[in-house]
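K.L.:
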Amino acid sequence: MTADEDVDSEDVPEQPPEPITTPPDTDGEDEGKQFTAIVRDVDSVSASDIPTAYPATIETAEAIAIELTVEGTDEPVFACYFEPIDRGPDDRLKRLLSVAGGEEPADLVDGPLLLEIADGHYLPVVPDRSPRGNPNAVYGVFAGLVPSVVIGLVGIFAPGSAFIGTTPFVVGWLVATFLLLPVSLYVDARNLATTTNWDGEPRKWAVMAALPGVNILAVPLYLIARENADPLA
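Right, dumping it as structure tokens:
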């Protein structure tokens with residue numbers, strides 16, 4: 045009996061699963077679908093190791109390979125590739141890092157990354173630009189709605205009707221409705237458009253937020269869309 049035959053098969057280290065970049069062949073039915081995966085490893089690889097059909101062009105000799113799995117699972121392992129930061133014309137990785145609040149590719153490990161099936165591959169959803177706006181502006185959206193909500197409640201329950209006719213309240217309503225609400229929503233929407241998969245137009249929603257009557261419907265719809273948006277990283 046040879047030494048190899050004495051080795052218990054359980055002692056042989058298990059080979060890591062081969063990362064995949066393309067979804068199963070479903071005749072394009074899955075195109076555009078998105079899901080969130082967790083970054084498990086970040087490594088530097090030769091650009092020649094990247095599948096030839098991979099849609100993103102890598103013009104550097106080396107590439108950054110990011111391996112991900114769905115949270116709570118070990119397989120399948122998804123792979124996506126980027127040019128190294130500041131070494132090529134492709135700045136997708138730098139934009140993703142700005143969304144995640146990191147500086148180096150390794151900062152993405154254990155964090156989420158939104159993937160999309162596009163061009164027959166699993167690709168990261170990358171913002172067109174670095175984050176804009178401020179997520180804290182949503183508090184201004186809620187504050188800007190308060191006077192309109194008060195008016196609505198007074199219209200239903202009657203008590204306090206004299207109060208909403210006072211000069212301080214009217215001035216407060218004008219400032220909240222035509223300044224605080226639309227400006228806050230615009231600033232928040234710019235952040236939403238550059239850090240999540242929300243594809244709305246900030247200016248359009250800001251205009252609707254400034255229209256009395258329309259804003260009572262538009263702003264809740266915006267807040268619902270905001271809550272349902274998936275972060276990119």
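So in my numbering, the last one in the sequence shown is 277, and the numbering has no gaps at all.
Each residue gets a CB set at the ideal place from its N, CA and C atoms; glycine is no exception.
Enumerate in chain order the residues of its own chain whose CB-to-CB distance from residue 127 is below 6 Å, with the five nearest sequence positions on each side excluded.
P.N.:
102, 104 and 134
K.L.:
Between the Cα of residue 173 and the Cα atoms of 238, 211 and 276, which residue gives the shortest distance?
P.N.:
238
K.L.:
Leaving out five residues before and five after residue 277 in sequence, what residues of the same chain have Cβ atoms less than 6 Å from its Cβ?
P.N.:
Non-local beta-carbon contacts of residue 277 in its own chain, meaning distances under 6 Å to residues more than five positions away in sequence, involve 140, 143, 144 and 157 in chain order.
K.L.:
Measure the Cβ-Cβ separation of residue 234 and residue 177 and say whether it is below 8 Å.
P.N.:
yes
K.L.:
So, for residue 53: in the same chain, excluding its five sequence neighbours on each side, which residues have a beta-carbon less than 7 Å away from its beta-carbon?
P.N.:
Residue confidence is low: residue 53 scores 45 on pLDDT, short of 50, so the model does not pin down where it sits. No coordinate-derived value is stated.
K.L.:
Less than 8 Å between the C-beta atoms of residue 123 and residue 106, yes or no?
P.N.:
no
K.L.:
So if DSSP puts residue 167 in a beta bridge, which residue, or which two residues, is it bridged to?
P.N.:
160
K.L.:
Closest to residue 109 by CA distance: which of 137, 120, 274 and 117 is it?
P.N.:
137
K.L.:
Mind checking whether residue 273 and residue 229 have CB atoms under 8 Å apart?
P.N.:
no
K.L.:
Kindly give me the distance between the Cβ atoms of residue 191 and residue 216, rounded to whole angstroms, as I take these residues to be in contact under 8 Å.
P.N.:
6 Å
K.L.:
Skipping 5 residues on each side, what residues in its chain have a beta carbon closer than 7 Å to that of residue 240?
P.N.:
Same-chain partners within the cutoff: 273, 274, 275 and 276.
K.L.:
Would you tell me roughly how many angstroms separate the C-alpha atoms of residue 264 and residue 218, rounded to the nearest one?
P.N.:
Their backbone Cα atoms lie some 19 Å apart in a straight line.
K.L.:
Which runs of the alpha helix (DSSP H) fall wholly inside the stretch 94-179 and span at least 4 residues, in chain order?
P.N.:
136-144
K.L.:
DSSP puts residue 80 in a beta bridge; with which residues?
P.N.:
158
K.L.:
As a quick exercise: from 193, 247, 125 and 121, pick the residue whose alpha carbon is nearest that of residue 170.
P.N.:
125
K.L.:
With distances taken Cα to Cα, identify the nearest neighbour of residue 99 among 167, 249, 113 and 212.
P.N.:
167
K.L.:
Within 10 angstroms of the Cβ of residue 266, are there 16 or more other Cβ atoms? Answer buried if so, exposed if not.
P.N.:
Result: buried.
K.L.:
Rounding to the nearest angstrom, what Cα-Cα distance links residue 64 and residue 113 in this structure?
P.N.:
10 Å
K.L.:
Can you pull the DSSP bridge partners for residue 192?
P.N.:
None, per the DSSP bridge assignment.
K.L.:
According to DSSP, what are the bridge partners of residue 238?
P.N.:
Note: residue 238 sits in no beta bridge, so no partner.
K.L.:
Taking the straight line between their C-alpha atoms, what separation do you get for residue 270 and residue 227?
P.N.:
16 Å
K.L.:
For residue 9, count neighbouring Cβ atoms within 10 angstroms of its own Cβ and tell me buried if that reaches 16, exposed if not.
P.N.:
Since the displayed the chain opens at 45 and closes at 277, residue 9 lies outside it and no answer follows.
K.L.:
Tell me the rounded alpha-carbon separation between residue 78 and residue 197.
P.N.:
Straight across, the Cα-Cα distance linking residue 78 with residue 197 is about 41 Å.
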